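Structure first, then comments.
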Amino acid sequence: MAATSWKRHHIISLSDFQPFEYDAVLQTAASFQEVLSRRTKKVPALQGQVIANLFFESSTRTRSSFELAAKRLSADTLNFAPGTSSMTKGETILDTAKTYLAMGTDIMVIRHREAGVPLAIANEMDRLQTRVGVFNAGDGQHEHPSQALLDLFTLCTLLDPEKPRLSLLQGKKIAIVGDILHSRVARSNIWSLTASGAEVHLVGPPTLLPKAFADFVNGNFTGSGGTEIPRKLFLHWSLEPALENADFVMALRIQKERMTSHLLPSLREYHWRYGITGDRLQHCQPDVKVLHPGPVNRGVEISSELMDDPKFSLISQQVTSGVAVRMALLYLMSSGKA
Ligand code: CP
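The sequence shown begins at 1 in my numbering and counts up one residue at a time.
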């Protein structure tokens, strides 16, 4: 596994990820995928380490997948839920993190509805000169790096199951459809997919893909630090040009809980204009595949039939990939600390 050259011990954002880091994640995840196909699906790689899942916002996939990944690596796991914690008695987030630090936590996996919380905790851990690694498991509308990396792994293993690598996506057309404005998944995927040399086409209603979004693209698009990566990103407000000859279509959840004003006439209208259906896939490549990070609003972002159609849908595969990819990330972060 490619752990020797790994230096990063916090993973907060993919904005400054370099191609060799994506390849290290893909290759390491492929090794762990092989482990997960064995009868004994466990390795002693993180024996004696403590991984704390600090989820201040709800989650099904990410939390369970990080927990299983940690257990498959033989780490000890701690799970935190704010509703049954001392936060109900007024304890702050930083004091909660310091409590887990005092128990000997090695890696904190953090989800929060506010952007910036994982970074704030990572900065505090560094200020205290600890060796704790912090993983951003989704912060507000900012980023969701492990989701983008498992999406990348799902796509690359489809193209070469033996040797998944970033360059396999070069020249592919990938449409990301829907609520871009509120999506941390879209933001992380933009970094990873454009780093591969794929053409990424964002499409959604103007209220969910405002023109100002181009500022994100133009202002930061070369990434912060490291080598500049030439990136190809396009914005559309109608679906057809984005779907035309697409190799992959990623639908995003309409995030009703983050909408502070009425940004859509109705979900029915949204589905009529932007919902991904079998008929609409006729604009794409014949072997197009569809992704969705989940949870899905069936019949809104994607038709229920398409979601369950194994010929087109990679949605279950994305969840399966999540365990091997998160094993790889915990393993690499642990090696980065050392
Ligand atoms: N995709 C994703 O983050 O799902 P959960 O909210 O269930 O973790």
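Even for Gly, the Cβ is constructed at its ideal location relative to N, Cα and C.
All figures in this text were calculated on a predicted structure; none of them were measured in a lab.
Contact test: residue i Cβ vs the ligand CP heavy atom, cutoff 7 Å
{"i": "Q147", "result": "yes"}
{"i": "S59", "result": "yes"}
{"i": "T62", "result": "yes"}
{"i": "H283", "result": "no"}
{"i": "H144", "result": "yes"}
{"i": "G138", "result": "yes"}
{"i": "P286", "result": "no"}
{"i": "P161", "result": "no"}
{"i": "G294", "result": "yes"}
Residue from the options whose Cα sits closest to the Cα of residue i
{"i": "S146", "options": "I174, C284, A69", "result": "A69"}
{"i": "W191", "options": "P19, V177, H10", "result": "P19"}
{"i": "L169", "options": "S5, E114, L78, A246", "result": "A246"}
{"i": "Q129", "options": "G140, R111, L101", "result": "L101"}
{"i": "I176", "options": "W237, A212, T157", "result": "W237"}
{"i": "L413", "options": "E67, L54, S74", "result": "With the chain represented from 1 up to 338, any question about residue 413 goes unanswered, as that position is not in the structure."}
{"i": "L158", "options": "Q318, K7, I276", "result": "Q318"}
{"i": "H283", "options": "P265, V249, S316, A52", "result": "V249"}
{"i": "Y274", "options": "L243, P210, P295", "result": "L243"}
{"i": "P230", "options": "T194, H292, L208, R113", "result": "T194"}
{"i": "P206", "options": "V200, S188, H182, E199", "result": "H182"}
{"i": "I180", "options": "E21, T277, Q33, L235", "result": "L235"}
{"i": "G83", "options": "S74, S58, P295", "result": "S58"}
{"i": "P295", "options": "K98, L264, S304", "result": "S304"}
{"i": "V323", "options": "N189, G204, K173, Q33", "result": "Q33"}
{"i": "L208", "options": "H262, S188, D160", "result": "H262"}
{"i": "N189", "options": "A212, E162, A251", "result": "A251"}
{"i": "L152", "options": "S321, G171, Y331, M333", "result": "S321"}
{"i": "V117", "options": "I12, K89, S335, K7", "result": "I12"}
{"i": "L26", "options": "M327, Y270, N123", "result": "M327"}
{"i": "R111", "options": "V132, T99, A137, T277", "result": "A137"}
{"i": "L119", "options": "R127, V134, R113", "result": "V134"}
{"i": "V288", "options": "I174, C156, R8", "result": "I174"}
{"i": "Y270", "options": "P286, V300, F56, P293", "result": "V300"}
{"i": "K232", "options": "E240, L281, K311, G171", "result": "G171"}
{"i": "L155", "options": "W6, A30, D308", "result": "A30"}
{"i": "P241", "options": "P310, R113, Q255, E199", "result": "E199"}
Rounded distance between the beta-carbons of residue j and residue i, thought under 8 Å
{"i": "T105", "j": "V185", "result": "Actually they do not touch by this definition, with Cβ atoms about 26 Å apart."}
{"i": "M87", "j": "T77", "result": "About 20 Å separates the two Cβ atoms, so there is no contact after all."}
{"i": "K41", "j": "R63", "result": "About 19 Å separates the two Cβ atoms, so there is no contact after all."}
{"i": "L14", "j": "E143", "result": "7 Å"}
{"i": "L267", "j": "L291", "result": "About 20 Å; that fails the 8 Å criterion."}
{"i": "I107", "j": "S334", "result": "7 Å"}
{"i": "G178", "j": "G197", "result": "Contact doesn't hold; Cβ gap of about 24 Å is too wide."}
{"i": "V325", "j": "L150", "result": "4 Å"}
Residue i, DSSP secondary structure in three states
{"i": "F55", "result": "strand"}
{"i": "I229", "result": "coil"}
{"i": "D279", "result": "coil"}
{"i": "T77", "result": "strand"}
{"i": "N123", "result": "helix"}
{"i": "M103", "result": "coil"}
{"i": "Y274", "result": "helix"}
{"i": "D151", "result": "helix"}
{"i": "L68", "result": "helix"}
{"i": "A137", "result": "strand"}
{"i": "M1", "result": "For M1, the predicted structure reports a pLDDT of 47, less than 50, and the residue's modelled location is therefore unreliable. The matter cannot be settled from this model."}
{"i": "E91", "result": "coil"}
{"i": "L263", "result": "coil"}
{"i": "I11", "result": "strand"}
{"i": "A24", "result": "helix"}
{"i": "V177", "result": "strand"}
{"i": "L202", "result": "strand"}
{"i": "E340", "result": "With the chain represented from 1 up to 338, any question about residue 340 goes unanswered, as that position is not in the structure."}
{"i": "A186", "result": "helix"}
{"i": "A324", "result": "helix"}
{"i": "K41", "result": "coil"}
{"i": "L291", "result": "strand"}
{"i": "F213", "result": "helix"}
{"i": "L329", "result": "helix"}
heavy atom of the ligand PLP below 7 Å from residue i C-beta
{"i": "T194", "result": "In the structure on display, the ligand PLP does not appear, and the ligands it does have are the ligand CP."}
Residue i at chain B interface by Cβ criterion, 8 Å
{"i": "T130", "result": "As a matter of chain content, chain B is missing from the structure shown, which is built from one protein chain."}
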